[in-house]
Amino acid sequence: MLAKRIIPCLDVKNGKVVKGVRFKNLKVEGDPAELAAFYEEEGADEIVFLDITASHEKREILLDAVRKTADNISIPFTVGGGIRDLEDIYKVLNAGADKISINTAAVKNPMLIKQVAEVFGSQCVVVAIDAKRKTVKGPQRESLIWEVYIEGGRLPTGLDAVSWAKIAEKLGAGEILLTSMDYDGTQLGYDILLTKTVSQTVNIPIIASGGAGNPEHIYRVLTEGMADAALAASIFHRFQYPIKKVKEYLAERGVHVRLV
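Heads up, the sequence shown is in my numbering, so the first residue is 63 and it goes up one at a time.
Following this line, the structure appears as structure tokens:
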């Protein structure tokens, strides 16, 4: 049985780690390289670094910040934000990333997923899906879907997140980083229904994101939500719950995690 992973997320803007609520009202939390090193010491399984304004600002990712962060850690390191093509991916991997995360570029050019998988392998490709609940009126009843957003949560696409996850898997994605925009930063818990629905639809690992407020929330998304990994930011940045304590909580409840 593969261990469930705990992954701190570094949302980076202007070279600093920030965190907001539902992608808004961002507050500075610290330096990405320093936080990444601290989280590795704490027992993090991986680090995710997202340059959250690069796509919207139509600029390259902050490679210096990526390089400094990569130099400070030895655990798997996923980097996303502003990645548009294979050339950008070469640059990010050369700066020290182990995996790349694509959202906006993948939606605009789905074949990029296939290209990256063919050149670097599926294990290198994380497709990020930022999803928001939407009620759709049908002829007889309303139904709930989750709409995909791009450009750092600024632009709705009309895509259904569950269907898009299936397409991403078919094109060669190795993992899905699934963020609930409705729950992001609220610390009210993950969107269990969204996570479970996507987890049951695809056969690749799901990293659940958006809403972690305590260890119980993480336990629920890994069990009820069937996620393979839980990503969190606020509870780690603000030292509410150390990673080691979260893992001990999970292990005591029968969840297989890597303890150091």
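The beta carbon of each residue, even a glycine, is placed where N, CA and C say it ideally should be.
- In this structure, E102 and P138 do not form a Cβ contact; the two beta carbons are roughly 10 Å apart against a cut-off of 8 Å.
- When C-alpha distances from H299 are compared across Q249, L239, M173, D133, the shortest belongs to Q249.
- Counted as a single uninterrupted DSSP element, the beta strand (DSSP E) harbouring V74 occupies residues 67-75.
- L239 sits in a strand when the DSSP states are folded into three classes.
- The shortest CA-to-CA distance from P218 to any of A235, E231, V189, M243 is the one to M243.
- Under the three-pair Cβ rule at 8 Å, the region 129-144 does not count as touching the region 191-208.
- At a cut-off of 3 residues, the continuous stretches assigned as beta strand (DSSP E) that sit fully inside the region 244-294 are 268-271, 291-294.
- Judged by DSSP in its simplified three-state form, E204 adopts strand.
- With fewer than 16 other Cβ atoms inside 10 Å of its own Cβ, L321 counts as exposed.
- Per DSSP, the beta bridge partners of D222 are E209.
- 8 Å or more divides the Cβ of P94 from the Cβ of V110.
- Taking the Cα positions, T166 is about 22 Å away from Y252.
- In the three-state reduction of the DSSP assignment, L217 falls in the strand class, which pools E and B.
- Proximity to R216 across D192, H318, L174, L312 peaks at D192, based on C-alpha coordinates.
- The beta carbon of I305 sits closer than 8 Å to those of I68, P70, Y101, E104, G105, A106, F298, all from its chain and outside the five residues before and after it, given in chain order.
- For G142, the number of other beta carbons within 10 angstroms of its own is at least 16, and it is reported as buried.
- Residue range 187-199 is occupied by the beta strand (DSSP E) that includes V187.
- The beta carbon of A157 sits closer than 8 Å to the beta carbons of L125, V128, R129, A132, V141 from its chain, once the five residues preceding and following it are set aside; these are given in chain order.
- Assigned with DSSP and collapsed to three states, I162 falls in strand.
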